[in-house]
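Since the structure comes first, as structure tokens, the remarks are kept for the end.
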Amino acid sequence: MYSSPFQDLKSKALEAIEKLKAGMKFHEVAAQYSEDKARSGGDLGWMTRGSMVGPFQDAAFDLPKSTCDKPIYTDPPIKTKFGYHVIMVEGKK
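To get the numbering used here, take the position in the sequence shown, counting from 1, and add 489.
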């Protein structure tokens, strides 16, 4: 059976969400599962509207701010033309 690259990415994102649900820290999950190894621990820095692709931006700006005690992330993962994303917002300005 053949699986597409996008299906593989979705499976990986769903596996990452399961790790988060099991209590693993977001930065640890991001370091393990992220395709973009240039970003340390999944931290993208401050983002503004218009600087992200539509579905990613919509999800990021709809999420409430997370805390260490209560992480809030996208579940299911967000699909964009770049792949699947698990997003957590740590701050808002």
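Ideal Cβ positions, reconstructed from N, Cα and C, are used throughout, including at glycine.
Remark: C-beta atoms of residue 569 and residue 545 approach each other more closely than 8 Å.
Taking 8 Å as the cut-off, the beta carbon of residue 534 is found no closer than this to the beta carbon of residue 519. In this structure, the beta-carbon distance from residue 554 to residue 522 does not fall below 8 Å. Judged by DSSP secondary structure, residue 567 falls within the beta strand (DSSP E) whose first and last residues are 567-569.
Under DSSP, residue 574 takes part in a beta bridge, and its partners are 567. The shortest CA-to-CA distance from residue 564 to any of 495, 505, 541, 580 is the one to 505. Around the beta carbon of residue 575, 16 or more other beta carbons lie within 10 angstroms, which makes this residue buried.
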